[in-house]
Each structure stands twice: as structure tokens, then as C-alpha cells.
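Reviewing the structure listed below.
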Amino acid sequence: MTNKKTKECYFCVNNLEVDYKDTRTLRRFINFYMKILPGQRTGVCSWHQRKLANAIKRSRVMALLSATHK
Amino acid sequence: MSKTKNSGATHYEILFIVPNKFTEDEAKTVSSQVEKVIEENDGKVTFREFWGKKKLAYEIKHNAYGYYSLFEFDLEGENLAKIDKNLRLSTDILRHQIIVKKAKSEKDLAHDKLIRAKIDSKKATEEKSKEEKTKKAFAPAATSKSKEVKETKVDLKDLDEKLEGILSAKDLI
Numbered sequence: 001m002t003n004k005k006t007k008e009c010y011f012c013v014n015n016l017e018v019d020y021k022d023t024r025t026l027r028r029f030i031n032f033y034m035k036i037l038p039g040q041r042t043g044v045c046s047w048h049q050r051k052l053a054n055a056i057k058r059s060r061v062m063a064l065l066s067a068t069h070k
Numbered sequence: 001m002s003k004t005k006n007s008g009a010t011h012y013e014i015l016f017i018v019p020n021k022f023t024e025d026e027a028k029t030v031s032s033q034v035e036k037v038i039e040e041n042d043g044k045v046t047f048r049e050f051w052g053k054k055k056l057a058y059e060i061k062h063n064a065y066g067y068y069s070l071f072e073f074d075l076e077g078e079n080l081a082k083i084d085k086n087l088r089l090s091t092d093i094l095r096h097q098i099i100v101k102k103a104k105s106e107k108d109l110a111h112d113k114l115i116r117a118k119i120d121s122k123k124a125t126e127e128k129s130k131e132e133k134t135k136k137a138f139a140p141a142a143t144s145k146s147k148e149v150k151e152t153k154v155d156l157k158d159l160d161e162k163l164e165g166i167l168s169a170k171d172l173i
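From first to last, the protein sequence lines are chains B and H.
Letter by letter, the first sequence follows residues 1 to 70 of the numbering used here.
Letter by letter, the second sequence follows residues 1 to 173 of the numbering used here.
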């Protein structure tokens, strides 16, 4: 989760690509219930938010992330 | 062993899970079999990575653990469906996922490097300015105070002079 004051896209600022294998960074954009956070909350630009949602779903398929918090 | 694309072929990435019933060496042989399947269908494996045993986020067919393995390969034509079917039918693999990966050309890599350098320099300058700010926070406090004191002194002198002037004027009247 990014700070509310800094509304800069994490991926644009650091010139990173969204990777579904990198669960540590993906975890920042998921809440306690393992739900994908909305773009307003994450501060990620809409282009990267779309990639992010896809990446999280892909990592769920491969059991890198769980779909629920239990 | 490169992550870049060779020619006009599409670049793919495959990640698959080998169940925990195998030992680590057996899991490695299974992943080499997968490599064979790709190569039989005219694919060129350009990158291999064996992640080892990892805990799955949820159980898949009563397996809590699995061996992850990652390949990147170039493939032309429509053999992808064959590979996919082959892996889907095999019982040695719990799950697999094939993804089209945008391969980076050398130009893109150079561009990335440029941007990375820019970001690093920006971060360095920001840190420097922060340090300067912290230094200023201690030093300038004293100088500003002394300035204020001086100003008040000057003001007092002016006031005295003005007062004297006024008083003398009143005396005259």
C-alpha cells in the first residue's frame, strides 16, 4: 500500500514491470482478505493497475498467492 | 541462456508445479522432460530456472508442497496448443501456465539502462538536498535570531531619535 499523500505510480516511478512471480511486491497491492485493492487506493496509474490485476490473478492460478486469507 | 528473443518467433514463458511425491532430483528430471516436449515441437528453450520446493498458497490435489520450475522459450507456428495439451494430460505435473512474454530488444535494454541511471541520479540529489536541509535546520536558527536582535536594536535607536525630535518640537511650542 502506498501512502495516501504520494499518489505516484510505483511502477512508473521506479521503471519496473509488473511480474506475476514477484509476490512480495504484489502483496503490497492486496488487502488482508487477499482482495485486489482499487487504483484510487494503490495510487498506481490505470495502465499499470490493469497489468497488476492480471498479474495477481495469474499468481493465484499458480498458487503463489491465495485467493482467500485462510 | 538469455531472456531475449531470437528472431520472428514468439517468446513464451512457462511455469509449472511438480507434485511433492517426487524427490528433488526426480522433479528435475520431470522438468527436463518438459524441456524435451518443448523441443520436440520446434521450440527453443532460452532460459531455465528451478525454484525448488515451495509451499503452495493452497492445496492442489492434496499437495501442500510442490517444486516450481520456470522456462522461457521461442516458438513459431501453432505448436503451442500441442505443448499445452501434452502438459495438461501428463500426471507428473500438477499445474502449468504458459504466458506470452514481451521480449526486450537490445534497444529497449539500453533505454531501460538510461532511465535507471536517471532515477538513481535523481534519488542521489534528493538525498543530498535532504542532508543540506537537516544541516540548515541547526545552523540557520542562530543566525536568524541574531538578525532579529539587530533589527530590534536599530528600531529602538530610530524610535529614540524620533521621540527626542518630537519632544524637542513640543518644547518649542
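From the three backbone atoms N, C-alpha and C, an ideal C-beta is built for every residue, glycine too.
Since this is a predicted model, take the numbers as computed values, not measurements.
Boundaries of the beta strand (DSSP E) around H96/H: 95-100. Closest option to P19/H, judged by alpha-carbon separation, among K53/H, E49/H, E131/H, K44/H: K53/H.
DSSP places K107/H in the helix class (H, G or I) of the three-state scheme.
In the displayed model, F138/H falls within a helix according to three-state DSSP. Residue contact with chain B for R95/H: present (Cβ-Cβ distance below 8 Å to some residue of chain B).
The beta carbon of K51/B sits closer than 7 Å to the beta carbons of V18 from its chain, once the five residues preceding and following it are set aside; these are given in chain order.
Within chain B, the residues V13, N14, N15 have their CB atoms less than 9 Å from the CB of I119/H, given in chain order. Counting the other CB atoms within 10 Å of its CB gives A55/B a total of 16 or more, which places it among the buried residues.
In the structure shown, the three-state DSSP call for N79/H is coil. Going by DSSP, L56/H is part of the beta strand (DSSP E) stretching over 43-60. The region 56-69 of chain H makes no contact with the region 103-116 of chain H: fewer than 3 CB pairs, one atom from each, lie closer than 8 Å. Leaving aside the five residues that flank K82/H on each side, the residues in its chain whose CB is nearer than 6 Å to its CB run, in chain order, N41. The Cβ-Cβ distance between Y58/H and S66/B falls below 8 Å. In this model, L37/B and Q49/B are separated by some 9 Å (Cα to Cα). Out of D25/H, K55/H, A27/H, L75/H, the CA that lies nearest to the CA of G43/H is found in L75/H. Along the region 35-67 of chain B, the positions whose C-beta sits under 7 Å from a C-beta of chain H are R58, V61, M62, A63, L64, L65, S66, read in chain order. Listed along chain B are A63, S66, each with a C-beta nearer than 7 Å to that of Y58/H. For R48/H, no Cβ of chain B is located within less than 8 Å of the residue's own Cβ.
DSSP, reduced to helix, strand and coil, places H11/H within a strand of the structure shown.
Closest in C-alpha terms to D25/H, from the list A169/H, W51/H, K85/H, comes W51/H.
DSSP places S66/B outside both helix and strand once states are collapsed to three, so it counts as coil.
In the three-state reduction of the DSSP assignment, F32/B falls in the coil class, being assigned neither a helical nor a strand state. In the displayed model, N86/H falls within a helix according to three-state DSSP. Relative to V37/H, the option among L87/H, T23/H, K157/H, K55/H whose CA is nearest is L87/H.
Ranked by Cα distance from L80/H, the options A9/H, G165/H, I166/H, S121/H are led by A9/H. Beta-bridge annotation (DSSP): F71/H is paired with I14/H, R48/H.
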